[in-house]
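Asker: Residue numbers (the numbering used here): -7 to 317.
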Amino acid sequence: MTIAPVQRSTSLGSSAWTDARLILALEEVVEKELDRHLKVAKEWMPHEFVPWSRGRDFPGLLEGEAWEPGDSKVTPLGRVSLVVNLLTEDNLPSYHHEIATMFGREGAWGTWVHRWTAEEGRHGIAIRDYLLTTRAVDPDELERARMSHMSEGFTSDNAHSMLQSVAYVAFQELATRISHRNTGHYAGCPLADQLLAKIANDENLHMVFYRNLLKAALEIAPDQAMRAVADVVTDFRMPGHGIPGFERAAAQIALGGVYNLRIHHDDVLQPVLRHLKVMEIGGLGPEGLRAQEELGVFLDGLDAQATKFDERLAARQARVAARRQ
-7 MTIAPVQRST SLGSSAWTDA RLILALEEVV EKELDRHLKV AKEWMPHEFV PWSRGRDFPG
53 LLEGEAWEPG DSKVTPLGRV SLVVNLLTED NLPSYHHEIA TMFGREGAWG TWVHRWTAEE
113 GRHGIAIRDY LLTTRAVDPD ELERARMSHM SEGFTSDNAH SMLQSVAYVA FQELATRISH
173 RNTGHYAGCP LADQLLAKIA NDENLHMVFY RNLLKAALEI APDQAMRAVA DVVTDFRMPG
233 HGIPGFERAA AQIALGGVYN LRIHHDDVLQ PVLRHLKVME IGGLGPEGLR AQEELGVFLD
293 GLDAQATKFD ERLAARQARV AARRQ
């Protein structure tokens, strides 16, 4: 149920829009977006994307064959990116705890929290089954990495703010979609590409849900929402940043073209910001205007950094190509 009449923060006063009031005010939007999501989401079965007939026993209880890097045709870049994506998905219990604590388990919010969790759950199931069945990764190292990562848990950078939480997932879901989709392209396996395309489609639908929710928040509390967007964009981190060896893996993923500064700027930040027309919103108060200006300055700087990265990457690729001649 919404609070009527819905008022903009410029007239209500930004301090009046507490997390609790915003959650109540956005309940109808959540219900509408949930109904839309359920109509367009397509059922799919993770087991249908796993080539079970290729599976072989591993050493241990079943005395199978030891894993070797040559067991799979998945590319080295695909292997690294698939593992990062899987370990990120593995922390779902922590993510569920974060959003259930923030948004609650009742009403439309609660229904969405559980539906989102159920859909996300099949991503980790499908990727792990694919990787182990095709022997694309060392199973022992994968399990050790999972234990290490999940033992650390996950604490959101945005848990202190409902608006920042919504803003973060609007961008993060699109970032995850891009990461999965590009990983499929570079994996070197048509089946992996199909699986990750299916997962990416789920992530895209999740992005649309949160993006539309953020749009409603910008209409209700523009100054606070603008500040949330600016804070999230300028301090964005992927949820898998705590994975063991993440920095090295992220560098490989960036150099390989799966996910880097240019992709982050052009394919993640800009599409969401353009859809929401964030830089065109008028009628903001002093805080909203400051946040909007900070966002513009940051985006210009990020674009410049991405250009430098592109130039260094092109030079590196030219050197590699020259050595191969």
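Glycine residues also receive a C-beta, built at the ideal position from the N, C-alpha and C atoms.
1. Check whether the Cβ atoms of residue 163 and residue 200 sit closer than 8 Å, and answer yes or no.
2. Could you check whether the stretch 14 to 31 touches the stretch 201 to 218, counting it as contact only if at least three pairs of C-beta atoms, one from each stretch, sit closer than 8 Å?
3. Among 156, 44 and 74, which one has its Cα closest to the Cα of residue 10?
4. Between which two residues does the alpha helix (DSSP H) harbouring residue 218 extend?
5. Specify, as a first and last residue, the run of the alpha helix (DSSP H) that residue 31 falls within.
6. Would residue 232 be called buried (16 or more neighbouring beta carbons within 10 Å of its own) or exposed?
7. Looking at the secondary structure, which residues open and close the alpha helix (DSSP H) in which residue 150 lies?
8. Alpha carbon to alpha carbon, how far is residue 208 from residue 33?
9. By a C-beta neighbour count over all protein chains shown, 10 Å radius and 16 as the cutoff for buried, is residue 139 buried or exposed?
10. Starting from the C-beta of residue 70, find all residues in its chain whose C-beta is less than 6 Å away, skip the five residues before and the five after it, and write them out in chain order.
11. Given this structure, state the Cα-to-Cα distance separating residue 212 from residue 188, to the nearest angstrom.
12. Report back the beta-carbon spacing between residue 43 and residue 125 to the nearest angstrom; my notes put them in contact at under 8 Å.
13. Out of 289, 302 and 137, state which residue places its alpha-carbon closest to the alpha-carbon of residue 76.
14. Report the residue from 119, 79 and 270 whose alpha carbon sits nearest the alpha carbon of residue 238.
15. How is residue 262 classed by DSSP in three states: helix, strand or coil?
16. Taking the CB atoms as reference points, tell me whether residue 301 and residue 261 lie closer together than 8 Å.
17. Determine the direct distance from the alpha carbon of residue 115 to that of residue 172, and round the result to whole angstroms.
18. Per DSSP, what kind of secondary structure is residue 101 in: helix, strand or coil?
Answerer: Concretely, from the data shown:
1. Taking C-beta atoms as the reference points, residue 163 and residue 200 fail to come closer than 8 Å.
2. Contact between the stretch 14 to 31 and the stretch 201 to 218 is present: 3 or more CB-CB pairs across the two stretches fall below 8 Å.
3. The shortest CA-to-CA distance from residue 10 to any of 156, 44 and 74 is the one to 156.
4. Run containing residue 218: 214 to 226, per the alpha helix (DSSP H) assignment.
5. Annotation: the continuous alpha helix (DSSP H) that includes residue 31 extends over 19 to 32.
6. Buried, since its Cβ has 16 or more Cβ neighbours within 10 Å.
7. Segment: none, residue 150 is in no alpha helix (DSSP H) and carries neither H nor E.
8. Residue 208 and residue 33 have their alpha carbons spaced roughly 22 Å apart.
9. That one is exposed.
10. Only 178, 179 and 180 meet the Cβ criterion.
11. Computed Cα separation, rounded: 36 Å.
12. Yes, they are in contact, since the Cβ atoms of residue 43 and residue 125 sit about 6 Å apart, within 8 Å.
13. Selected option, being the one with the closest Cα: 137.
14. Ranking 119, 79 and 270 by Cα distance to residue 238 puts 79 first.
15. Three-state DSSP puts residue 262 in a helix.
16. Contact check for residue 301 against residue 261 fails: the beta carbons are separated by 8 Å or more.
17. One C-alpha to the other measures close to 10 Å.
18. The answer is helix: DSSP assigns residue 101 an H, G or I state.
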